[in-house]
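Take the sequence shown: its position 199, counting from 1, is numbered 199 in UniProt numbering, and each next residue is one higher.
Beta carbons: idealized from backbone N, C-alpha and C, even for Gly.
Remember, it's a predicted structure, so these values are computed and weren't measured experimentally.
Before any comments, here is the structure.
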Amino acid sequence: MYSRIHEEIKKRVNMLLDTDLSAKNLFRAVNQYALTVPNYYIGVVPLEPYQFARLDRMVRKQLYEKGAHKHCANISRLYLPRKELGRGLHNLEFRAEMMLLNLWLTLSADENKSTRRAAILQHHRQTYSHASLITTYLHDKYGLTIRDNEAIPKTIQHLRKLQNRSLYNVISTTKLHKLLFSRRELDSVDLEESTLWLRKSMLTPQEEAKLINLQDRNLQWMSSKKNHKKCGKYLDVEHLASKCDRLLHTDYVRRHNEVARRIHRTLSKHGTHPDIIVADTQEPHHHS
């Protein structure tokens, strides 16, 4: 049964990737048309967490092959909502956890009232299915505690928040990917405006993937060499943007001065004359 689910999802994702849908609409279509296939089997067919994780990897591989996801890209960001700087792809492992928890709590609530539901629960317990262990599994994985008087929808919502938190925890352990997300809580950052291009733009999946990769500072510079010829360190966007010691007194100072001049020019048009300091380069630099 797992192989049938795998092939059906693969077929549907490939079909959607061959369309001219924008990135936002493509991910929405994949969520609604392809990733809903397991919904009919969760809780009925015995599927384990590693199998759902394998399905997620298969979907990411298809996106990568079509250029809609980049090599070494921020995987966790794929599964975050677009309003939180993510791309809004549904995670099948997360969805299975929510559906199994919802099923188990619903059946357990009526165990003493319905002999049929009691029999279903007894079968799962006797076979040690993943559904029968779901509450323990989620407690060990996320620290989720099930409260007796708490409504089921509220418990599911709490689980969703814990799942998102686990994605942020993974991001915080990466050297480059954490730079963007560590600033989202700053008062000076408008998250709604910062995510406007993800929520409203009509970029192609390939264009969005490139911009995401650039925003994550994950692009290697367009060079056949992996190291910067001026300092010998690994060559990527983060290094060239602000980390190269050899560019400190030349390129970085020139960039600062150009920004200062543009700000001064703009403010002067409005009748103000701000005092803007233009830095001096400490080393000679010749431009071709």
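Distance check for ARG199 and MET222, CA to CA, integer angstroms please. In the sequence shown, residue 222 corresponds to position 222, counting from 1. In the sequence shown, residue 199 corresponds to position 199, counting from 1. For MET222, the pLDDT reaches just 43, beneath the cut-off of 50, and the residue's location in the model is therefore unreliable, leaving the point undetermined.
Are there three or more Cβ pairs, one per stretch, closer than 8 angstroms when the region 172 to 186 is compared with the region 137 to 153? As far as the Cβ criterion goes, the region 172 to 186 does not touch the region 137 to 153, which means the pair count is below three.
Hey, how far is the Cα of ASN91 from the Cα of ALA119? Within the sequence shown, the letter at position 91 stands for residue 91. Within the sequence shown, the letter at position 119 stands for residue 119. Within the model, the alpha-carbon separation for ASN91 versus ALA119 is close to 31 angstroms.
Taking buried to mean at least 16 other C-beta atoms within 10 Å of its own C-beta, is LYS24 buried or exposed? As a working note, residue 24 is residue 24 in the sequence shown. A residue is called buried when at least 16 other Cβ atoms come within 10 angstroms of its Cβ; LYS24 meets this threshold and is buried.
Under the rule that 16 or more other beta-carbon atoms within 10 Å means buried, what is GLU97, buried or exposed? On the sequence shown, residue 97 is found 97 positions in, with the first residue counted as 1. Counting C-beta atoms within 10 angstroms of its own C-beta, GLU97 has 16 or more neighbours from the protein chains shown and is therefore classed as buried.
Identify, in the order they occur along the chain, each residue of the same chain with its Cβ nearer than 7 angstroms to the Cβ of PRO81, setting aside the five sequence neighbours on each side. Against the sequence shown, residue 81 aligns to sequence position 81. Apart from sequence neighbours up to five positions away, the residues of its chain that approach PRO81 with a beta-carbon distance below 7 angstroms are GLY88, ordered along the chain.
Can you check whether the CB of GLU93 is closer than 8 angstroms to the CB of ALA131? One-based indexing of the sequence shown puts residue 131 at position 131. One-based indexing of the sequence shown puts residue 93 at position 93. It is not a contact, given that the beta carbons lie outside the stated cut-off.
Taking C-beta to C-beta, are TYR40 and LEU47 nearer than 8 angstroms? Along the sequence shown, one-based indexing puts residue 40 at 40. Along the sequence shown, one-based indexing puts residue 47 at 47. No; because the gap between Cβ atoms is not below 8 angstroms, this pair is not in contact.
Following the continuous alpha helix (DSSP H) through LYS210, name the residue where it begins and the one where it ends. Within the sequence shown, residue 210 is the residue found at index 210, counting from 1. From DSSP, the alpha helix (DSSP H) with LYS210 extends over 205 to 215.
Three or more beta-carbon pairs under 8 angstroms between the region 205 to 213 and the region 56 to 72, yes or no? Contact between the region 205 to 213 and the region 56 to 72 is present, with at least three C-beta pairs closer than 8 angstroms.
Among all the DSSP beta bridges, which residues are the ones paired with VAL45? Counted from its first residue, the sequence shown places residue 45 at position 45. In DSSP, VAL45 forms a bridge with ILE42.
Taking the CB atoms as reference points, tell me whether ALA34 and ARG4 lie closer together than 8 angstroms. In the sequence shown, counting from the first residue as 1, residue 34 sits at position 34. In the sequence shown, counting from the first residue as 1, residue 4 sits at position 4. Contact: no.
LYS141, DSSP secondary structure in three states: In the sequence shown, the residue the question calls residue 141 occupies position 141. Per DSSP, reduced to three states, the secondary structure at LYS141 is helical.
Rounded to the nearest angstrom, what separates HIS285 and THR250 at their Cα positions? Position 285 of the sequence shown, counted from the start, is the residue given in the question as residue 285. Position 250 of the sequence shown, counted from the start, is the residue given in the question as residue 250. Low confidence applies to HIS285: its pLDDT is 47, below 50, so where it sits in the model is not reliable enough to give any reading.
Between the Cα of MET58 and the Cα atoms of GLY43, PRO49 and LYS10, which residue gives the shortest distance? Numbered from 1 along the sequence shown, position 58 holds the residue referred to as residue 58. For MET58, the closest C-alpha among the options GLY43, PRO49 and LYS10 is that of LYS10.
Would you tell me roughly how many angstroms separate the C-alpha atoms of ASP56 and THR115, rounded to the nearest one? In the sequence shown, residue 56 corresponds to position 56, counting from 1. In the sequence shown, residue 115 corresponds to position 115, counting from 1. In a straight line, the C-alpha of ASP56 is about 37 angstroms away from that of THR115.
Find the nearest neighbour of TYR79 within the set PRO153, ASN164, SER22 and LYS178, judged by alpha-carbon distance. The residue you call residue 79 lines up with position 79 of the sequence shown. Nearest option by C-alpha distance: ASN164.
When you compare only the Cα positions, how much space is there between GLN157 and LYS269? Within the sequence shown, numbered from 1, the residue matching residue 157 stands at position 157. Within the sequence shown, numbered from 1, the residue matching residue 269 stands at position 269. Roughly 51 angstroms separates the two Cα atoms.
In whole angstroms, what separates the C-alpha of VAL189 from that of ARG183? On the sequence shown, position 189 is the one that residue 189 refers to. On the sequence shown, position 183 is the one that residue 183 refers to. For VAL189 and ARG183, the distance between alpha carbons rounds to 7 angstroms.
Taking the alpha-carbon positions, what's the MET15 to LEU26 distance? Within the sequence shown, numbered from 1, the residue matching residue 15 stands at position 15. Within the sequence shown, numbered from 1, the residue matching residue 26 stands at position 26. Cα to Cα, the separation comes out at about 11 angstroms.
Secondary structure of GLU111, DSSP reduced to three states: The sequence position of residue 111 within the sequence shown is 111, counting from 1. Looking at GLU111 - three-state DSSP - the assignment turns out to be coil, as it is neither helix nor strand.
According to DSSP, is ARG183 helix, strand or coil? Here the question's residue 183 lines up with position 183 in the sequence shown. It is coil, neither helix nor strand.
Just checking my contact of VAL37 with GLU8 at CB under 8 angstroms: how many whole Å lie between their CB atoms? Taking the first residue of the sequence shown as 1, we reach residue 37 at position 37. Taking the first residue of the sequence shown as 1, we reach residue 8 at position 8. Sure, about 5 angstroms apart at Cβ, within 8 angstroms.
Please work out which residues of its chain come closer than 8 angstroms, Cβ to Cβ, to ARG28, disregarding the five sequence neighbours upstream and downstream, and give them in chain order. For the purposes of this step, residue 28 is identified with residue 28 of the sequence shown, where counting begins at 1. The residues GLY88, in chain order, have a CB closer than 8 angstroms to that of ARG28 in the same chain once the five nearest residues on each side in sequence are set aside.
My output table needs one value for LEU80: the three-state DSSP class, helix, strand or coil. Walking along the sequence shown from the start, residue 80 turns up at place 80. DSSP places LEU80 in coil when its eight states are reduced to three.
Nearest to ILE75 by alpha carbon, out of ASP216, GLY43 and LEU100? Here residue 75 refers to the residue found at position 75 of the sequence shown. Restricting attention to ASP216, GLY43 and LEU100, the CA atom closest to the CA of ILE75 is found in ASP216.
How far does the alpha helix (DSSP H) with ILE9 in it extend, from its first residue to its last? Along the sequence shown, one-based indexing puts residue 9 at 9. Counted as a single uninterrupted DSSP element, the alpha helix (DSSP H) harbouring ILE9 occupies residues 2 to 17.
GLU150 in three-state terms, based on DSSP: To locate residue 150, count along the sequence shown from 1; it is residue 150. Three-state DSSP puts GLU150 in coil, outside helix and strand.
Taking the alpha carbon of GLN32 as the reference point, which residue from MET1, VAL44, ARG95 and GLY43 has its own alpha carbon closest? What you label residue 32 is simply residue 32 of the sequence shown in a count that begins at 1. Ranked by how close their Cα comes to the Cα of GLN32, the residues MET1, VAL44, ARG95 and GLY43 have ARG95 in first place.
On the three-state DSSP scale, how would you describe ALA96? Along the sequence shown, one-based indexing puts residue 96 at 96. Helix at ALA96.
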